[in-house]
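Right, one structure below, let's go through it.
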Amino acid sequence: MKIRNSITLAASLLTFSGSAALAEEITVSAWGGFFEETLRDVIYPGFTEETGITVRSIAQPADQAWLTQLTNAARAKKAPADLSLVADEVFVRGQSIGLWAELDGGAIPNTKTLLDGFTKSSEDGKLQAVGALSWYTTFVTNTNAVADAPTTWAELWTRDWDGKLGLTSNANSGLMEATALTFFGGYEIMETREGLEKVIAKIAELKPQVQLWYRDEGQFQQSLEAGELVGGLYYHDVTMLSAMDGLPVVSTFPKEGGILGDAYWIVPRDSQNVEAAEKFINYMIRPDVQAKMARNLGTAPVAKRDSMDLTDEEFASVGSTGEPIRSQTHIHLREGDWLSDKYLEMISQ
Amino acid sequence: MKRALDPHLIGLFPLAMMSVFFLAPLAFMVVVSFYERDPLGFYNVAFVWDNYAKFFSSFYYTVSMRSLWSSSLGAIVVVLLAFPAMYIIVDMSRRWQLFWVILLLSLMCLSEVIIGFAWLILMSESSGIPKFLGWIGLWEDPRSLSPSFGAMLIGFITLGFSLVALMFYPQMAQRDRSIEEAALTLGTPPLRVFTKVVLPNFWSAIISSVVTMFVYFLGVFVMPTMLGRPQDWNMTVIITDKAVGDANMPLGAALSVIMLVFTLIIIGGLMLASRKKGAAS
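In order, the protein sequence lines correspond to chains A and B. Counting from 0, one number per residue, gives the positions in the first sequence under numbering that gives the first Met the number 0. Counting from 0, one number per residue, gives the positions in the second sequence under numbering that gives the first Met the number 0.
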């Protein structure tokens with residue numbers, strides 16, 4: 000029985016790797032959890048209906064961990080998925096080692112309704128990534144414990160949080176940028192290591208107030224909803240959806256701005272389904288699909304505002320009109336190892 | 000001659016499997032630990048000591064001392080608790096013995112994540128022990144008990160208790176009770192019988208279970224991240240952060256090699272000590 004099971008398993012694995020030949024199925028990966036589930040249940044079926052191409056949805060881990068898997072797979076000339084969502088920094092890292100396939104811009108005409116900057120090309124002008132969605136990280140609080148929502152990032156430092164804040168253990172969460180903007184007058188301070196050390200020292204002042212330096216988002220969300228934590232940095236979209244479900248949480252855009260991150264669709268170099276993947280991307284960036292994603296996922300659209308039928312209210316609920324805080328990707332790329340060491344040292348000492 | 004050879008031939012198979020699936024990856028890890036880190040990509044084939052140098056020049060040293068401390072403390076505490084517990088259980092009636100053994104076995108079925116989550120809930124101020132203490136009036140302002148070093152240690156103990164207890168079970172159940180009875184008949188107080196007769200008989204079993212638990216706790220990942228504070232994160236957590244989180248395989252490999260060497264030295268030292276003790280008595 001055991002042997003038969005493993006034969007079936009081996010056979011299904013073979014079918015999986017050989018699915019390229021069929022070409023009528025594509026494997027799409029997205030960040031696991033609510034995000035991947037909603038895309039699978041609400042967004043992808045529309046694509047299958049229109050094109051007849053079935054979508055096999057899989058969950059991918061956080062950015063760097065997924066990049067490591069993609070890199071290892073590329074060494075074995077395999078693509079774990081035909082399409083993946085990547086953040087800016089992961090795109091650049093992958094590009095530098097040639098992980099991404101070239102896309103045919105002509106097959107993705109909907110790029111014309113995208114906001115500026117949401118197509119990424121290689122140095123010789125070949126299209127390699129197309130914007131998928133944007134998301135905000137904001138100041139979230141538990142409404143039972145915190146009556147009035149914060150108005151500025153500085154309140155992380157000035158208010159008494161009863162030692163119940165939750166922040167990410169990752170240097171690239173945008174907290175450094177928010178700190179630089181709030182206390183040091185802009186991102187310039189992050190250009191030098193001395194400056195970065197000053198920013199980290201400022202964040203270190205928060206340590207007595209922080210109960211959880213999370214690496215697992217689920218743990219933060221659960222603790223915030225239960226009131227174990229009273230505030231912290233978290234995703235605007237998920238918090239909005241929890242609040243709509245009646246949970247005592249609220250997401251606030253501080254006056255300095257929310258932290259905006261962009262995700263792109265990429266096709267791993269060894270994918271055999273590039274054409275189907277291009278159709279998929281073209282569908283996903285279409286204004287009506289972008290609007291549908293904003294309504295169901297709470298993410299900020301990457302299509303031009305006037306191309307979509309979102310009401311002002313709907314638009315306001317997924318973002319803010321002010322200048323957002325942007326991750327200083329070039330600094331994280333340049334100082335990556337040094338910075339992540341310093342940050343880890345700060346929180347774990 | 001042929002008869003003696005057959006069992007050896009059978010033994011060749013697991014030996015070959017070990018070499019291919021355990022020693023080869025281990026060797027590859029050692030090789031990678033000398034590779035050069037490529038900040039943008041993965042790694043470049045090279046021979047550099049940079050990754051090892053990092054260990055001695057930064058806080059990785061502190062972290063490894065910290066993990067040695069927490070896992071040795073956890074190992075000692077869990078054996079201190081499990082040994083007397085088993086000593087009591089084996090003297091129970093057959094039925095109760097069976098009950099406890101089955102309970103311990105079923106504890107082993109629980110995964111680390113489940114145990115971690117269970118403790119997380121039990122120690123939370125909104126639904127666990129603190130809430131209960133607040134409710135009966137013993138704790139005025141109940142606070143969450145995790146994350147903390149104590150919470151992490153409790154997680155360690157839950158994880159290792161049944162394992163250690165069951166390791167002691169066969170030897171303890173079958174021990175020659177007549178020696179203890181003789182000592183008691185000759186007028187030795189029960190406590191003295193325990194320390195002078197029972198303990199020395201189990202000395203090597205105790206040492207080997209401490210060593211086993213120590214190595215086990217060194218590699219635990221979920222408990223420190225779930226129940227511990229960042230100050231309690233052990234080397235396993237940091238290695239995962241570096242190797243998977245930052246895609247810095249060479250550094251991750253170098254840190255793993257260093258931890259492996261540390262572990263081997265400590266196990267060797269303990270084994271040597273217990274052998275000397277055994278030879279002396």
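Built from N, CA and C at the ideal position, the CB exists for glycine as well. Remember, predicted model here, so these are calculated numbers, not experimental data.
If one requires a minimum length of 4 residues, the alpha helix (DSSP H) runs lying completely within the segment 161 to 214 of chain A are 174 to 182 and 192 to 203, in chain order. The alpha carbon of A106(A) has as its nearest neighbour, out of S133(A), E277(A) and P149(A), the alpha carbon of E277(A). Annotation for N247(B): no beta strand (DSSP E) segment contains it, and DSSP assigns it neither H nor E.
Residue D245(B) holds the alpha-carbon nearest to the alpha-carbon of D336(A) among V221(B), A253(B) and D245(B). P207(A) and V139(A) have their C-alpha atoms spaced approximately 19 Å apart. For S133(A), the closest of D236(A), E312(A) and I199(A) by C-alpha to C-alpha distance is D236(A). Neighbours of S66(B) across chain A, judged by C-beta separation under 8 Å, do not exist; the nearest C-beta is about 12 Å away.
Closer than 9 Å at the C-beta level to chain B, one finds no residue of the segment 173 to 201 of chain A. Following the DSSP letters along the chain, one finds Y263(A) in no alpha helix (DSSP H) but inside the beta strand (DSSP E) bounded by residues I258 to I265.
At least one beta carbon of chain A lies nearer than 8 Å to the beta carbon of G244(B). About 19 Å separates the CB atoms of E88(A) and L126(A); that is not less than 8 Å, and the two are not in contact. Boundaries of the beta strand (DSSP E) harbouring L132(A): L126 to N141, taken from the DSSP string. If you draw a straight line from the Cα of Q59(A) to the Cα of W30(A), it is about 5 Å long. Three or more beta-carbon pairs drawn from the segment 273 to 287 of chain A and the segment 305 to 315 of chain A are found closer than 8 Å, and the two stretches are therefore classed as touching. Only residues of its own chain outside the window of five on either side were considered, and among them Y60, A253, L254 and I257 have a CB closer than 7 Å to the CB of F54(B), listed in chain order.
The Cβ-Cβ distance between A302(A) and G318(A) does not fall below 8 Å. Per the coordinates, the alpha-carbon of A72(A) lies some 14 Å from the alpha-carbon of Q271(A). In this model, W232(B) and S161(B) are separated by some 24 Å (Cα to Cα).
Assigned with DSSP and collapsed to three states, W99(A) falls in strand. Residues of the segment 41 to 73 of chain A with a C-beta atom less than 7 Å from some C-beta of chain B are Q63, A64, L66, T67 and T70, listed in chain order.
For L84(A), the uninterrupted beta strand (DSSP E) segment begins and ends at L82 to A86.
The C-beta distance from F116(B) to G227(B) rounds to 14 Å, too long to meet the 8 Å contact threshold. Between D336(A) and chain B, the shortest Cβ-Cβ separation is below 8 Å. The criterion of a C-beta distance shorter than 8 Å is satisfied by A74(B) and M212(B). Excluding sequence positions up to five before and after G165(A), its CB lies within less than 6 Å of the CB of L211, Y213, F219, L228 and G231, all in the same chain and listed in chain order. N272(A) carries a coil assignment under DSSP once its states are collapsed to helix, strand and coil. Membership of I25(A) in the beta strand (DSSP E) is indicated by the continuous run E24 to W30. Sequence-distant partners of T235(B) (beyond 5 residues in either direction) whose C-beta falls short of 6 Å from its own C-beta, in its chain, are G218 and F220. Put simply, the CB of Q348(A) is near chain B, with a gap under 8 Å to one of its CB atoms.
Distance from T251(A) to T137(A) at the Cβ level is roughly 6 Å; contact confirmed, criterion being Cβ atoms closer than 8 Å. Inclusion of E193(A) and Y186(A) in the CB contact set at 8 Å is not warranted, their separation being larger than that value. Note on the segment 84 to 125 of chain B: whole alpha helix (DSSP H) runs with a minimum of 4 residues are 93 to 108 and 111 to 121, in chain order. Across the structure, S57(B) and D340(A) are spaced so that their CA atoms are roughly 9 Å apart. The segment 78 to 85 of chain A and the segment 261 to 268 of chain A touch, with no fewer than 3 CB-CB distances between them shorter than 8 Å.
Bridge pairing for K119(A): A128(A) [DSSP]. In this structure, the straight-line span from the alpha carbon of F201(B) to that of I178(B) is close to 13 Å.
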